[in-house]
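Chain order of the listed sequences is A and B.
In short: position in the first sequence from 1, add 84, done, that's the working numbering.
In short: position in the second sequence from 1, add 919, done, that's the working numbering.
Every residue gets a Cβ at the ideal spot worked out from N, C-alpha and C, and that includes glycine.
None of these values were measured; they are calculated from a predicted model.
Single-structure report; data block below.
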Amino acid sequence: MQIDITLSVNGERHALAVDPRTTLLDALRERLRLTGTKKGCDLGQCGACTVHIDGRRVLACLTLAAAVGDKEVRTVEGLAAGDALHPVQQAFLDCDGFQCGYCTPGQIMSAVALLDEPCGPNDDDVRELMSGNICRCGAYPNIVDAIQHVRSTQGTRG
Amino acid sequence: MHPFEFHAASNEGDAIALRTTHADARFLAGGTTLVDLMKHDVERPAHVIDINALDLARVTEEFGGIRIGAMVRNSDLAHHPLVRDRFPVLSQALLAGASPQLRNMASTGGNLLQRTRCYYFRDVASPCNKREPGSGCGALHGYNRIHAILGTSEHCIATHPSDMAVALMALDAVVHVRGARGERAIPLGQFYLLPADHPELETTLASDELIVSVHVPALDFARRSLYLKVRDRASYAFALASAAVALDMTGGTIRDARIALGGVGTVPWRARAAEEVLRGRRLESQTLQRAADAALQGAIPRGHNAFKIDLARRTLMRALARAGELS
């Protein structure tokens, strides 16, 4: 059985007929060909599929596409303005915040959301709020550096 | 994942009517437990009723306490000024749970109903009396390091995984539910069922009932409260042992106390005997030890989880000592 849904992703609306079992992650990757969002564990444990819904970071693998409704989804493809990278994307490059890169879109989406969340000033505060994104290469120190770099240039909330 | 029919409920009445019509249905809130378990084929509902559009996402002050709508997300509740100010134990418990992404998704009602992380429950190839009544318990003589030591039975030793519910248990929260026959209020202490002979029955919620809100009654001394969680890694892990404590102090003497333990019980574990030990006593190490002994009385180790008895005792003693140092 298929149901008709509309997904609003990175400012574009898409009408889709989906099996109700389709997760937002599979709809993004398999139907909309937005493969920047990664499938890691597919069980809500690794954070590779982190996207924003109405500005809040969530896990696309545990979100049913049919339950998104008219909310706005933002993926890693929606961060840059043309060739101008988002400051967090640039900071990951500048600080070498990755190795294999598989977890990176999720790390970056988490980091962008973190900038608008209550977060203390210290590295440990950032580590705590990034704990939902696992990096098997162990790039954590540089990921923290990248985030702290952006926070120090933008001013932090908290 | 088994096929299901998807329904979007527009209001409470609609949601309850759908649930009444479809016997084999589940409500979908944040989805962090339900969708996960559907992927494991542990949950196989024929109907999924999406309740995300319901107008149940407000936190309001009520007689000095707070009323929490069932759809208030864990992150919003944790950072709400009323919660941070009056019930720090609740804010801390929420922030000790899961990850920021999951806290943005998980709802208050869903958190109360989250299912155990027992490996055998989550693996449909294993025996599990909770998932498949009568099939046996894989954990009892299996790998049971994360399992419960309090409230267990010979049929189930699965740990209740929630942090939030432990804090709410210490705060005497009341769950407000609505079903086809109307509304009722269930004190959290009467909400969860011990596994006993029927581990598949986890709460006193009827199948057509929807959690609409949770009321946390006023408790002045809850300003002196905290949540201490001990786990295998610094963050993003379930509790091996945790303690929610609130102390009413005058000078160095304890007038009253609230204590609940997590990570060690088959349900969020209220430790009234330990509270009784503390009343009228000074906050001294000997008293803390007696309270911890009282809290763990009746604990049954099952092999790999024997360490939890000492761990829970020490977690509680440290939590109480820290609470005593709060101004």
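Can you say whether residue i is buried or exposed, counting buried as having 16 or more other CB atoms within 10 angstroms of its CB?
i	result
Val1043 of chain B	exposed
Pro1114 of chain B	buried
Ser1161 of chain B	buried
Tyr1146 of chain B	buried
His1060 of chain B	exposed
Asp1151 of chain B	exposed
Asp995 of chain B	buried
Ser1132 of chain B	buried
Leu953 of chain B	buried
Gln238 of chain A	exposed
Thr106 of chain A	buried
Cys221 of chain A	exposed
Pro1007 of chain B	buried
Pro1052 of chain B	exposed
Going along the chain, which residues of its own chain have a beta-carbon closer than 6 Å to the beta-carbon of residue i, five neighbours each way excluded?
i	result
Arg1177 of chain B	Ala1089, Ala1165
Gly124 of chain A	Cys130, Ala132
Arg1232 of chain B	Ala1211, Leu1215
Ala101 of chain A	Gln86, Asp88
Cys219 of chain A	Cys187
Leu143 of chain A	Gly128, Cys133
Gly949 of chain B	Met1024, Ala1025, Ser1026, Gly1029
Lys1148 of chain B	Ala1015, Ala1158, Ser1161
Ala997 of chain B	Ser1010, Leu1013, Leu1014
Thr1206 of chain B	Arg1200
Leu1087 of chain B	Leu1107
Ile231 of chain A	Ala195, Val210
Pro171 of chain A	Val234
Starting from residue i, trace the beta strand (DSSP E) both ways and give me its first and last residue.
i	result
Leu956 of chain B	Counting along the chain, Leu956 of chain B falls outside any beta strand (DSSP E), though it belongs to the alpha helix (DSSP H) covering 953-958.
Thr134 of chain A	134-137
His1074 of chain B	Run containing His1074 of chain B: none; DSSP gives neither H nor E here.
Thr1234 of chain B	Looking at the DSSP string, Thr1234 of chain B is not in any beta strand (DSSP E); the run it does join, the alpha helix (DSSP H), is 1226-1244.
Tyr1146 of chain B	1144-1149
Phe176 of chain A	Looking at the DSSP string, Phe176 of chain A is not in any beta strand (DSSP E); the run it does join, the alpha helix (DSSP H), is 171-178.
Arg945 of chain B	944-947
Glu931 of chain B	No beta strand (DSSP E) contains Glu931 of chain B, which is instead part of the alpha helix (DSSP H) from 931-940.
Using DSSP bridges, identify the partner residues of residue i.
i	result
Met1168 of chain B	B:Ile1173
Lys155 of chain A	Its beta-bridge partners do not exist; DSSP assigns none.
Leu1180 of chain B	B:Ala1162, B:Trp1188
Gly1098 of chain B	B:Gly1101
Glu980 of chain B	B:Ile985
Glu1119 of chain B	For Glu1119 of chain B, which the question treats as bridged, DSSP gives no partner whatsoever.
Arg97 of chain A	A:Ser92
Leu148 of chain A	A:Thr107
His1223 of chain B	BP columns for His1223 of chain B are empty, so no partner.
Pro1106 of chain B	B:Val1093
Ordered along the chain, which non-local residues of its own chain (more than five positions away) have a Cβ less than 7 Å from that of residue i?
i	result
Gly193 of chain A	Gly is not the amino acid found at residue 193 of chain A; the sequence shown has Met there. Around Met193 of chain A: Thr134, Val135, His136, Arg141, Val160.
Arg1221 of chain B	Leu1059, Asn1063, His1066, Ile1076
Ala1099 of chain B	Ile935, Thr939, Asp1127
Glu1194 of chain B	Ala1176, Arg1177, Ile1178
Leu213 of chain A	Leu198, Glu201, Cys203
Leu897 of chain B	No statement about residue 897 of chain B is possible, as the shown extent of chain B runs from 920 to 1246 and does not include it.
Ile1228 of chain B	Ile1068, Leu1215, Ala1218, Pro1220
How would you write the range of the alpha helix (DSSP H) that residue i sits in, first residue to last?
i	result
Ala1015 of chain B	1007-1015
Val1196 of chain B	1191-1197
Val210 of chain A	207-213
Tyr1039 of chain B	1038-1041
Asp995 of chain B	993-998
Asp229 of chain A	224-238
Ala1058 of chain B	No alpha helix (DSSP H) contains Ala1058 of chain B, which DSSP labels as neither H nor E.
Asp1212 of chain B	1204-1214
Tell me which same chain residues have a C-beta within less than 8 Å of the C-beta of residue i, skipping the five on either side of it?
i	result
Lys958 of chain B	Met920
Arg113 of chain A	Thr119, Thr121, Lys123
Leu1120 of chain B	Leu1112
Glu1102 of chain B	His1095, Val1096, Val1131
Arg1241 of chain B	Leu1145, Leu1147
Asp1082 of chain B	Ala1012, Leu1013, Ala1015, Gly1016, Tyr1146, Lys1148, Ala1158, Ser1161, Gly1181
Throw me the rounded Cβ distance for the residue i and residue j pair, which I believe falls under 8 Å.
i	j	result
Arg1189 of chain B	Gly1070 of chain B	In fact, because the Cβ distance is near 11 Å, the residues do not count as touching under 8 Å.
Arg986 of chain B	Arg1142 of chain B	Contact doesn't hold; Cβ gap of about 19 Å is too wide.
Pro1106 of chain B	Val1093 of chain B	5 Å
Ala989 of chain B	Ile1130 of chain B	5 Å
Glu924 of chain B	Pro104 of chain A	7 Å
His1079 of chain B	Val1186 of chain B	5 Å
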